[in-house]
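Structure, as structure tokens:
There are 2 protein chains.
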Amino acid sequence: MLDTKVPEIKDCSDCPIRHRAVCARCDADELALLEDIKYYRSFSAGQTVMWAGDRMDFVASVVSGVASLTQTMEDGRTQMVGLLLPSDFVGRPGRAVASYTVTATSDLVTCCFRRKPFEQMISSTPHIAHRLLEMTLDELDAAREWMLVLGRKTAREKIASLLAIIARRDAIAQQGPKTNSVVFDLPLTREAMADYLGLTLETVSRQISSLKKDGVIALEGKRRVIVHDIDRLMEEAGDDSDGGFLS
Amino acid sequence: MLDTKVPEIKDCSDCPIRHRAVCARCDADELALLEDIKYYRSFSAGQTVMWAGDRMDFVASVVSGVASLTQTMEDGRTQMVGLLLPSDFVGRPGRAVASYTVTATSDLVTCCFRRKPFEQMISSTPHIAHRLLEMTLDELDAAREWMLVLGRKTAREKIASLLAIIARRDAIAQQGPKTNSVVFDLPLTREAMADYLGLTLETVSRQISSLKKDGVIALEGKRRVIVHDIDRLMEEAGDDSDGGFLS
DNA sequence: GAGTGGCTTTGACACAGATCAAAAGCGGAG
DNA sequence: CTCCGCTTTTGATCTGTGTCAAAGCCACTC
Chain R
4 MLDTKVPEIK DCSDCPIRHR AVCARCDADE LALLEDIKYY RSFSAGQTVM
54 WAGDRMDFVA SVVSGVASLT QTMEDGRTQM VGLLLPSDFV GRPGRAVASY
104 TVTATSDLVT CCFRRKPFEQ MISSTPHIAH RLLEMTLDEL DAAREWMLVL
154 GRKTAREKIA SLLAIIARRD AIAQQGPKTN SVVFDLPLTR EAMADYLGLT
204 LETVSRQISS LKKDGVIALE GKRRVIVHDI DRLMEEAGDD SDGGFLS
Chain W
4 MLDTKVPEIK DCSDCPIRHR AVCARCDADE LALLEDIKYY RSFSAGQTVM
54 WAGDRMDFVA SVVSGVASLT QTMEDGRTQM VGLLLPSDFV GRPGRAVASY
104 TVTATSDLVT CCFRRKPFEQ MISSTPHIAH RLLEMTLDEL DAAREWMLVL
154 GRKTAREKIA SLLAIIARRD AIAQQGPKTN SVVFDLPLTR EAMADYLGLT
204 LETVSRQISS LKKDGVIALE GKRRVIVHDI DRLMEEAGDD SDGGFLS
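From first to last, the protein sequence lines are chains R and W. Count along the first sequence from 1, add 3, and you get the number used in the working numbering. Count along the second sequence from 1, add 3, and you get the number used in the working numbering.
Dropping the structure here:
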């Protein structure tokens, strides 16, 4: 498979992630500077965007689709260490070599910035530096949340946690009237879920079947998930179901 | 136990972490501004510095000692999500409520900054903002490294990884002529190690005994560890022993 | 419509690490 | 010196998840 879709967006003002990405705080002048150093790239599902250890001459924002960050040990054990959704940032300013392998989990469009000029803009444009700090702090929180999942939760709780996270994100993105039920497509294969959760794909499959049998979720095909009662799912995840407000 | 030692440092120029903490890049003028909003606080080993959910009116740098960040589930399962060493930063600018419980693992001295004025300084002082971004990116890398340990390593590899990290830090701090052997004190109890590694304390104890039996490490008392061959330890940790340069 | 390849499910069994229990080591208080 | 409380070690057993193997399902191609 090769790159297929050419993205239709050309201008930042049409951009679907304009108000959430690194550029969120930029004013018109700043945006104009960014326009000069940016270019779009698309990848189809399964393609590797970059290998750990590769030289990396750009940083990027995810415009649409899902990408994953993974680490692999010599014997092949792999752990996903990040799930990149639209508006998330890829790459590390100040570092020339990629630390993680980045893979397009679904078809993917990125907005790339040449690294050197972008680094200069970080120094000269507080709006970008500040937004990047904020996003990095959010990612650090997410990583720490994930450490609890990896270190202390059972297989069933791990699956429920992952489903809850995706469900929550979709609930926010689709801003419907708030209900107790959500329907969404899993953007990950069983194997990718296993790599995210520190499990084997067989265990993932078994636990999904078990949650289905117990009526916590329902499936339509292999990928579409129906959650009738989010609170129930959160309970299965071992999280405070009331969001911690009342306790 | 109550606070005991009063810190001797009063001035930033004597400060042992002056060149590594958030203030590393500050010039004399900027330092003077920081001096106005800072104060030292000490904690003795075992004391809780702040509880998850507490209102938090300061951020801080660890000056000396070790602190840990932990998350706890309702049923008591605990996961350490960060190990804070001298120069590390505590707290999140822009957030009024602590996300994690912070505990002094050893006797601890912190340099605290009142949160509001510190946040203003982030906006007005690029040197601080930039250094904080850099430190946050480093912590994110460390958290992701740790996700691999939690998700994919065996108990023995987890212990070896933790020892390797502490050994590496000590080797750097003590800047001796580079040898293949290191001696250091564990700043953590078996239980704290278990909470860091997602294991039980019994498993931690057994694996340490096993590494000792196999000659990978030696112990002097319960806390002092002697590593004769760091490469051997790195191998046990499942990491690239050559640091990835040759492969 | 049969064949192919990728993903997913299910089953049988093995084992690493958890759990439960007890004893040993060690430092501080009286 | 002895007692007490805390941490650590060690032992016996249990169990959740991994491993190995086979079959099912689905989309696509020829």
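Beta carbons are placed, not taken as given, at the ideal position from N, Cα and C, and that holds for glycine. Since this is a predicted model, take the numbers as computed values, not measurements.
Range covered by the beta strand (DSSP E) that runs through residue i
| i | result |
| --- | --- |
| D188/W | V185 to D188 |
| L222/W | A221 to E223 |
| A107/R | T104 to A107 |
Boundaries of the alpha helix (DSSP H) in which residue i is found, first to last residue
| i | result |
| --- | --- |
| I40/R | A31 to I40 |
| I211/W | L204 to K216 |
| M196/R | R193 to L200 |
| M124/W | R118 to S127 |
| A240/R | I233 to A240 |
Beta-bridge partners of residue i, as assigned by DSSP
| i | result |
| --- | --- |
| C26/R | None; C26/R has no bridge partner. |
| S67/R | V112/R |
| R21/W | Its beta-bridge partners do not exist; DSSP assigns none. |
| M45/W | Contrary to the premise, residue 45/W reads as Ser rather than Met in this sequence. According to DSSP, which records beta bridges pairwise, S45/W is partnered with V112/W. |
| L72/W | G85/W and V105/W |
| R58/W | V100/W |
Where residue i sits in the DSSP three-state scheme
| i | result |
| --- | --- |
| L136/R | helix |
| E148/W | helix |
| Q50/W | coil |
| Q82/W | strand |
| I229/R | strand |
| S164/R | helix |
| R172/W | helix |
| L88/R | coil |
| R159/W | helix |
| Q177/R | helix |
Own chain partners of residue i with C-beta closer than 7 Å, once the 5 adjacent residues on each side are dropped
| i | result |
| --- | --- |
| Y42/R | C115 |
| G56/W | V100 and A101 |
| D173/R | V185 and F187 |
| S90/R | I20, R23, A24, S64 and V65 |
| S109/W | A48, G68, V69 and P190 |
| L153/R | G201 |
| K161/R | V152, L200 and L202 |
| M138/R | V25 and F92 |
Own chain partners of residue i with C-beta closer than 8 Å, once the 5 adjacent residues on each side are dropped
| i | result |
| --- | --- |
| I125/R | P96, I131, A132 and L135 |
| V62/W | F92, V93, G94, R95, P96, C115, F116, R118 and F121 |
| R159/W | Q210, S213, L214 and E239 |
| D242/W | S164 and A167 |
| Y103/R | A55, L72, T73, Q74, V84 and G85 |
| L3/R | This structure does not reach residue 3/R, given that chain R is present from 4 up to 250, and the question cannot be answered. |
| M53/R | M59, A101, T104 and V105 |
| T128/R | C29, E33 and L36 |
Residues near residue i in its chain [Cβ-Cβ closer than 6 Å; skip 5 each side]
| i | result |
| --- | --- |
| L111/R | F46, G68 and A70 |
| I229/W | V186 and A221 |
| T51/R | T106 |
| D141/W | none |
| I40/R | F116, R117 and P120 |
Closer than 7 Å: residue i CB and nearest the ligand GDP heavy atom
| i | result |
| --- | --- |
| R23/R | As far as ligands go, the structure on display features none, and thus does not contain the ligand GDP. |
Is there contact here, the segment 154-174 of chain W with the segment 188-207 of chain W, by at least three beta-carbon pairs under 8 Å? yes
Contact between the segment 74-82 of chain W and the segment 20-36 of chain W: three or more CB pairs below 8 Å? no
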